[in-house]
Amino acid sequence: GIQVEQSPPDLILQEGANSTLRCNFSDSVNNLQWFHQNPWGQLINLFYIPSGTKQNGRLSATTVATERYSLLYISSSQTTDSGVYFCAVREYSTLTFGKGTMLLVSP
Amino acid sequence: SQTIHQWPATLVQPVGSPLSLECTVEGTSNPNLYWYRQAAGRGLQLLFYSVGIGQISSEVPQNLSASRPQDRQFILSSKKLLLSDSGFYLCAWSDRPNEQYFGPGTRLTVT
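The listed protein sequences correspond, in order, to chains A and B. So for the first sequence, this note's numbering puts the first residue at 260; every next one is plus one. So for the second sequence, this note's numbering puts the first residue at 609; every next one is plus one.
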């Protein structure tokens with residue numbers, strides 16, 4: 260099956276800093292999603308982005324499907340951005356998740 | 609708008625006891641439904657998915673089973689829980705094989 264690798268596995272930032280999270284996948288995919296899992300476990304949809312670039316407030320994402328990677332940008336980070344960020348790709352009917360990037364934003 | 613519910617939110621069960629977790633979706637018809645488990649260490653593992661009533665696909669052979677008795681209801685069950693069944697169970701839906709949306713989850717501890 261398809262392999263999904265996320266980097267870095269852990270990231271610590273000061274409030275206000277910017278960061279880039281990366282997702283590499285091993286084969287062609289039909290879609291790609293980014294999620295944020297908050298400290299209570301809820302998975303929040305950030306982006307559905309099989310290709311191209313999207314922006315939502317301080318967050319943006321870019322997927323280059325031909326090169327099999329996606330990037331999630333977080334600008335001016337806030338403590339509420341803390342949690343685990345997952346990338347997930349769809350090959351057929353199901354999503355395959357990466358292991359996530361755990362982000363801690365300190366005040 | 610669509611909403612997804614899971615219950616219970618938390619559950620503590622002894623080894624060998626049965627399990628039933630329920631997931632329901634509102635505001636859509638004939639969704640694809642999914643059960644995931646997240647053990648300590650972050651990764652999400654797909655357990656089952658369903659594209660229609662009575663249609664269940666199992667991704668990982670294990671001590672669990674799933675059923676879909678109604679269009680928007682998905683149930684995860686076990687006859688006898690093992691310690692290794694502990695974890696965070698997430699239900700998800702999609703109204704087409706594109707974007708998935710997750711429920712709030714059930715945290716299961718098997719003692």
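Glycine residues also receive a C-beta, built at the ideal position from the N, C-alpha and C atoms.
Contact annotation: the segment 346-357 of chain A does not touch the segment 611-625 of chain B, with fewer than three C-beta pairs closer than 8 Å.
For chain A, the residues of the segment 679-704 of chain B that bring a beta carbon within less than 7 Å of one of its beta carbons are F696 and L698, in chain order. For S692/B, the secondary structure class from DSSP, reduced to helix, strand or coil, is helix. Each residue's CA atom was taken as its position, placing L362/A and V659/B some 34 Å apart. DSSP places T312/A within a strand segment (E or B) once states are collapsed to three. Distance from the CA of S692/B to the CA of V718/B, rounded to the nearest whole angstrom, comes to 8 Å. Residue Y344/A holds the alpha-carbon nearest to the alpha-carbon of D269/A among T322/A, E350/A, Y344/A and W293/A. Judged by DSSP secondary structure, P677/B falls within the beta strand (DSSP E) whose first and last residues are S673 to Q678. The beta carbons of H613/B and T636/B sit no closer together than 8 Å. Residue pairing by DSSP puts V348/A in a beta bridge opposite L291/A and T355/A.
With a contact defined as Cβ atoms closer than 8 Å, C699/B and L641/B qualify at about 7 Å. Around the beta carbon of T338/A, fewer than 16 other beta carbons sit within 10 angstroms, so the residue counts as exposed.
Y328/A has its alpha-carbon roughly 32 Å from the corresponding atom of N638/B.
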